[in-house]
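2 protein chains.
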Amino acid sequence: MATGRNHRPATSRSRGIPEATVARLPLYLRALTALSERSVPTVSSEELAAAAGVNSAKLRKDFSYLGSYGTRGVGYDVEYLVYQISRELGLTQDWPVVIVGIGNLGAALANYGGFASRGFRVAALIDADPSLAGKPVAGIAVQHTDELETIISENGVSIGVIATPAGAAQQVCDRLVAAGITSILNFAPTVLSVPEGVDVRKVDLSIELQILAFHEQRKAGEEPHGEDEGAAHPVAPPAATVTKRPAKRPESGPDGDVPAVMPA
Amino acid sequence: MATGRNHRPATSRSRGIPEATVARLPLYLRALTALSERSVPTVSSEELAAAAGVNSAKLRKDFSYLGSYGTRGVGYDVEYLVYQISRELGLTQDWPVVIVGIGNLGAALANYGGFASRGFRVAALIDADPSLAGKPVAGIAVQHTDELETIISENGVSIGVIATPAGAAQQVCDRLVAAGITSILNFAPTVLSVPEGVDVRKVDLSIELQILAFHEQRKAGEEPHGEDEGAAHPVAPPAATVTKRPAKRPESGPDGDVPAVMPA
DNA sequence: CTATCTTTGTGCACGCGTTCACAAAGGCAT
DNA sequence: ATGCCTTTGTGAACGCGTGCACAAAGATAG
Numbered sequence: 021m022a023t024g025r026n027h028r029p030a031t032s033r034s035r036g037i038p039e040a041t042v043a044r045l046p047l048y049l050r051a052l053t054a055l056s057e058r059s060v061p062t063v064s065s066e067e068l069a070a071a072a073g074v075n076s077a078k079l080r081k082d083f084s085y086l087g088s089y090g091t092r093g094v095g096y097d098v099e100y101l102v103y104q105i106s107r108e109l110g111l112t113q114d115w116p117v118v119i120v121g122i123g124n125l126g127a128a129l130a131n132y133g134g135f136a137s138r139g140f141r142v143a144a145l146i147d148a149d150p151s152l153a154g155k156p157v158a159g160i161a162v163q164h165t166d167e168l169e170t171i172i173s174e175n176g177v178s179i180g181v182i183a184t185p186a187g188a189a190q191q192v193c194d195r196l197v198a199a200g201i202t203s204i205l206n207f208a209p210t211v212l213s214v215p216e217g218v219d220v221r222k223v224d225l226s227i228e229l230q231i232l233a234f235h236e237q238r239k240a241g242e243e244p245h246g247e248d249e250g251a252a253h254p255v256a257p258p259a260a261t262v263t264k265r266p267a268k269r270p271e272s273g274p275d276g277d278v279p280a281v282m283p284a
Numbered sequence: 021m022a023t024g025r026n027h028r029p030a031t032s033r034s035r036g037i038p039e040a041t042v043a044r045l046p047l048y049l050r051a052l053t054a055l056s057e058r059s060v061p062t063v064s065s066e067e068l069a070a071a072a073g074v075n076s077a078k079l080r081k082d083f084s085y086l087g088s089y090g091t092r093g094v095g096y097d098v099e100y101l102v103y104q105i106s107r108e109l110g111l112t113q114d115w116p117v118v119i120v121g122i123g124n125l126g127a128a129l130a131n132y133g134g135f136a137s138r139g140f141r142v143a144a145l146i147d148a149d150p151s152l153a154g155k156p157v158a159g160i161a162v163q164h165t166d167e168l169e170t171i172i173s174e175n176g177v178s179i180g181v182i183a184t185p186a187g188a189a190q191q192v193c194d195r196l197v198a199a200g201i202t203s204i205l206n207f208a209p210t211v212l213s214v215p216e217g218v219d220v221r222k223v224d225l226s227i228e229l230q231i232l233a234f235h236e237q238r239k240a241g242e243e244p245h246g247e248d249e250g251a252a253h254p255v256a257p258p259a260a261t262v263t264k265r266p267a268k269r270p271e272s273g274p275d276g277d278v279p280a281v282m283p284a
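Put into structure tokens, the structure is as follows:
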């Protein structure tokens with residue numbers, strides 16, 4: 021999933037573009053870029069919708085928020101639309117980003133081509149581990165957390181990516197915000213609290229899997245459902261009697277396991 | 021963002037639990053687990069909502085879909101709720117998953133602790149590169165794509181993670197589905213087409229950044245907006261005259277760049 | 001210039017999700 | 001036992017997002 025709209029319920033829809041539409045624009049852009057590379061001059065809403073995996077009516081309505089591009093009886097000019105969407109998304113300018121937390125995930129992100137391919141430039145890799153400092157990852161030398169504020173202000177960075185363990189995320193977040201970051205992409209499994217005006221989007225791998233598991237369980241016919249034992253499950257919550265809990269948990273429970281890198 | 025509900029518009033809400041609620045259950049579960057580890061016996065909807073970053077009324081309504089757990093005047097029993105949500109999400113059983121595409125991202129996923137911490141077990145790592153075969157990643161030997169079908173059927177795997185380049189994703193997806201996979205978590209920047217009954221959720225790093233860029237541009241006062249030059253931008257789409265395009269693109273455009281690992 | 005055909009742009013209705021606000025329920029003190 | 005106080009569970013209203021279906025617009029052919 022991804023967040024980013026739970027706060028600022030009024031400021032959203034800045035000029036009238038619904039949040040749901042904004043979320044689909046990158047999808048259209050990708051499909052259009054593919055067409056552009058094949059030198060396709062125009063597309064109909066039907067074709068483009070199929071390529072993007074959405075309803076054609078939805079696509080047309082989405083585009084209508086951007087303006088009246090497109091020609092009736094013909095379709096949309098691919099090159100022109102690529103430019104318009106890019107401009108609307110702010111991709112015609114260069115966006116320096118910093119990645120904080122160069123573990124497995126951070127390194128993968130640094131190497132991820134999808135960043136550079138859309139105007140995003142990795143301005144710096146930052147980690148708290150001193151032994152990592154200076155080491156090159158994806159061709160960029162990792163810098164120590166001490167430099168965080170300097171890097172951000174000197175490079176005019178406004179977008180930060182957090183790929184640290186959950187425990188460090190909020191602290192890193194606070195420093196990023198204090199240093200001037202106003203948009204954060206958070207990979208750490210924590211709820212970040214940020215001041216007004218700062219956007220946070222969350223990518224949570226574990227949550228996605230859990231949602232899949234839910235549907236998977238449903239598809240399995242729900243047979244493995246009646247696993248209730250002789251407790252007081254039916255309706256009554258475990259009141260007084262059951263609530264007696266002698267400080268358990270710190271290393272117990274039915275699914276006894278310890279997170280390796282990031283707790284979830 | 022993540023998909024997974026664009027198809028099967030009717031089958032959703034299997035027993036009455038809204039999709040939006042399902043997506044939040046893992047969030048509650050995480051907050052509850054944290055409370056459980058601190059041996060907190062009960063929480064009010066207000067406290068738990070704050071910890072999960074949601075509205076308390078929403079949380080109560082979400083829980084009401086699961087049943088009437090909770091005690092008026094007191095709150096919810098933490099341990100009991102942990103169990104109920106885990107069961108609802110299907111986390112009381114073991115879910116073997118396969119990860120296909122052991123590049124930077126795939127390796128990061130294999131090392132990601134959030135998987136193992138919730139009943140998900142990495143059953144196999146699969147890659148098309150023969151030179152990777154046998155090499156251990158996160159303590160598991162990478163296997164060649166040829167083994168894909170065997171691995172899935174022998175281990176009864178129903179959840180697959182695709183972390184391949186975009187070009188290989190659909191092909192891998194088809195093989196996974198044919199082998200019996202019914203839930204897919206897709207990290208490749210492509211729209212996957214799957215038969216009825218197969219769930220796909222998408223995690224797209226590049227899209228998240230683009231959405232952030234959009235809001236960032238808006239926050240910047242929209243000053244860097246009037247960048248139009250003397251073309252025919254205003255309203256008129258580039259009709260006949262402008263549409264004459266001598267097979268351009270294959271290495272041009274205003275943002276000339278080539279994806280490094282994954283095109284987006 | 002007129003007719004026909006294609007495709008856009010959108011008015012409208014419907015359904016899901018969110019939020020408010022409050023009655024019902026239960027604990028706890030007296 | 002009675003009354004007060006806290007917190008749940010939910011009815012109802014509202015707003016956003018989606019999809020249908022069609023009129024308007026323009027291209028194209030004759």
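Residue numbers (the numbering used here), protein chains in the order written: chain A, 21 to 284; chain B, 21 to 284.
Where a beta carbon is used, it is the ideal one built from N, C-alpha and C, also for glycine.
Note that the coordinates shown come from a computational prediction; the quantities given were computed from them, not determined experimentally.
Chain-ordered chain B contacts of residue i [CB-CB under 9 Å]
i         : result
Gln191(A) : Within chain B, no residue comes near Gln191(A); the closest Cβ sits about 17 Å away, beyond 9 Å.
Ser65(A)  : Those within 9 Å of Ser65(A) in chain B number zero; the least Cβ separation is about 14 Å.
Pro116(A) : Near Pro116(A) there are no residues of chain B at all, since even the closest Cβ is about 11 Å away, more than 9 Å.
Tyr48(A)  : Neighbours of Tyr48(A) on chain B: none; closest Cβ ~11 Å, over 9 Å.
Chain-ordered chain B contacts of residue i [CB-CB under 8 Å]
i         : result
Ala72(A)  : Val211
Val162(A) : Correct list: empty, because the minimum Cβ distance to chain B is about 15 Å.
Val223(A) : Val223, Leu225 and Glu228
Residue i, enclosing beta strand (DSSP E) - first and last residue
i         : result
Lys222(A) : Asp219 to Lys222
Arg141(A) : Phe140 to Asp147
Ile204(A) : Ser203 to Asn206
Gly180(B) : Ile179 to Ile182
Ala161(B) : Ile160 to His164
Residue i: first and last residue of the uninterrupted alpha helix (DSSP H) it sits in
i         : result
Glu80(B)  : Here residue 80(B) turns out to be Arg, not Glu, going by the sequence shown. Here the alpha helix (DSSP H) through Arg80(B) covers Ser76 to Leu86.
Ile119(A) : Looking at the DSSP string, Ile119(A) is not in any alpha helix (DSSP H); the run it does join, the beta strand (DSSP E), is Trp115 to Val120.
Thr112(B) : Taken as a continuous stretch (DSSP letters only), Thr112(B) belongs to no alpha helix (DSSP H), as it is neither H nor E.
Ser226(A) : Leu225 to Lys239
Arg50(B)  : Glu39 to Glu57
Gly126(A) : Asn124 to Asn131
Glu216(B) : No alpha helix (DSSP H) contains Glu216(B), which DSSP labels as neither H nor E.
Nearest-angstrom Cα separation, counted from residue j out to residue i
i         : j         : result
Ser226(A) : Ala130(A) : 21 Å
Leu109(A) : Ala143(A) : 20 Å
Lys155(B) : Val162(B) : 6 Å
Tyr85(B)  : Lys78(B)  : 11 Å
Ala127(B) : Val94(A)  : 46 Å
Arg221(B) : Phe207(B) : 9 Å
Gly36(B)  : Ser56(A)  : 44 Å
Val120(B) : Val223(A) : 20 Å
Pro38(A)  : Arg44(A)  : 10 Å
Gly276(A) : Asp114(B) : Any reading at Gly276(A) must be qualified, since the residue scores a pLDDT of 28, below 50, and its modelled position is unreliable; the value itself is stated next. Using only the alpha carbons, I get a separation of about 12 Å.
Asp219(B) : Ser173(A) : 43 Å
Ser137(B) : Glu66(A)  : 43 Å
Ser203(B) : Thr165(B) : 19 Å
Leu205(A) : Ala72(A)  : 24 Å
Arg80(A)  : Tyr48(B)  : 37 Å
Ile171(B) : Arg141(B) : 14 Å
Gln230(A) : Leu125(B) : 19 Å
Phe46(A)  : Arg238(A) : Sequence inspection shows Pro at residue 46(A); the Phe mentioned does not correspond to that position. Roughly 32 Å between the two C-alpha positions.
Thr53(A)  : Tyr100(B) : 50 Å
His235(B) : Glu167(B) : 45 Å
Near the ligand GDP: residue i beta-carbon under 6 Å from a heavy atom
i         : result
Lys239(B) : In terms of ligand content, the structure shown is empty, and the ligand GDP therefore cannot be addressed.
Opposing strand residues paired with residue i [DSSP bridges]
i         : result
Gln191(B) : None, per the DSSP bridge assignment.
Thr62(A)  : Asp97(A)
Val211(B) : According to DSSP, Val211(B) bridges with nothing at all.
Pro156(B) : Ala161(B)
Thr91(B)  : Gly95(B)
Beta-carbon neighbours of residue i, restricted to chain A and to distances below 8 Å
i         : result
Ile179(B) : Leu229, Leu232, Ala233 and Glu236
Gly217(B) : Lys239
Neighbour list for residue i in chain A, Cβ cutoff strictly below 9 Å
i         : result
Phe140(B) : Ser226, Leu229, Gln230 and Ala233
Partners in chain B for residue i, counting only beta-carbon separations shorter than 7 Å
i         : result
Thr202(A) : Glu236 and Lys239
Gly110(A) : Ala233, Phe234, Glu236 and Gln237
Neighbour list for residue i in chain A, Cβ cutoff strictly below 7 Å
i        : result
Val42(B) : Ile231 and Phe234
Would the stretch 179–194 of chain B count as touching the stretch 206–219 of chain B if we require 3 or more Cβ pairs under 8 Å? yes
Quick check: the stretch 195–203 of chain A against the stretch 166–177 of chain A, are at least 3 beta-carbon pairs closer than 8 Å? yes
Three or more C-beta pairs under 8 Å: does that hold for the stretch 80–89 of chain A against the stretch 100–107 of chain A? yes
Hey, is the stretch 144–161 of chain B in contact with the stretch 58–73 of chain B, meaning 3+ C-beta pairs nearer than 8 Å? Touching, no, given that fewer than three Cβ pairs across the two stretches are closer than 8 Å.
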